[in-house]
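Working notes, beginning with the structure itself.
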Amino acid sequence: MSGPFVYVTYIYTTPQKVWDAITKPEFAKRYWFNYNVSDWKMGSRWEHRKGDDSGTVMVDGTVLESDPPHRLVTTWTRPDKSKEPSRVTYDIAQYGPGLVCLTVTHDQLERDPAMANGISGGWPKVLSNLKSLLETGKTENIWLTQNKGG
Numbered sequence: 003m004s005g006p007f008v009y010v011t012y013i014y015t016t017p018q019k020v021w022d023a024i025t026k027p028e029f030a031k032r033y034w035f036n037y038n039v040s041d042w043k044m045g046s047r048w049e050h051r052k053g054d055d056s057g058t059v060m061v062d063g064t065v066l067e068s069d070p071p072h073r074l075v076t077t078w079t080r081p082d083k084s085k086e087p088s089r090v091t092y093d094i095a096q097y098g099p100g101l102v103c104l105t106v107t108h109d110q111l112e113r114d115p116a117m118a119n120g121i122s123g124g125w126p127k128v129l130s131n132l133k134s135l136l137e138t139g140k141t142e143n144i145w146l147t148q149n150k151g152g
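Residues in the sequence shown are numbered consecutively from 3, following this note's numbering.
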């Protein structure tokens, strides 16, 4: 994969609920099965932790922009593997009555091809599950479920 990874989805919900799903640990655990921790202020550290009892930091970084509930920009680093941070931008926009457009852009991946490869499969699973949770209240543990189709 070269260039940025961009994922756009439309969700029947509110911008605040999308923001909360990204930033509130108890919400993120329901669709990501991991969670994000920060005060979400510009310049603050953030961590993406395993959803098990260990709380192991899987990804971390710095909050570059924070405009609740419209835009969040962070650096993204795997503490044990990344050489240089990449960047994730969440743009949350009211699209129509009761409909939100969420655009997630993960860029600056050129120096970490393994990260680029991993996120190209990971983000669609996470964001699809986020949409399902917000619209139906249901999720699937996407990390355990295997493709049973052909």
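A virtual CB, placed ideally from N, CA and C, is assigned to each residue, including glycine.
Under 8 Å between C-beta atoms of residue i and residue j
i: Ser134; j: Phe7; result: no
i: Thr16; j: Val102; result: yes
i: Leu129; j: Lys19; result: no
i: Gly33; j: Thr141; result: One detail in the question is off: residue 33 reads as Tyr in this sequence, not Gly. Yes, these two residues count as a Cβ contact at 8 Å.
i: Lys43; j: Val65; result: yes
i: Val59; j: Arg51; result: yes
Three-state secondary structure (DSSP) of residue i
i: Trp42; result: coil
i: Phe7; result: strand
i: Ile13; result: strand
i: Lys150; result: Annotation note: pLDDT 48 at Lys150 (below 50); position unreliable, coordinate value reported separately. Here Lys150 sits in coil by DSSP.
Residue environment, residue i, which counts as buried when at least 16 other CB atoms sit within 10 Å
i: Asp114; result: buried
i: Ser56; result: exposed
i: Pro99; result: exposed
i: Val154; result: Residue 154 lies beyond the stretch modelled for the chain, which goes from 3 to 152, so this question has no answer here.
Beta-carbon contacts of residue i that lie in its chain and below 7 Å, excluding the five residues immediately before and after
i: Val61; result: His50, Trp78, Thr79 and Arg80
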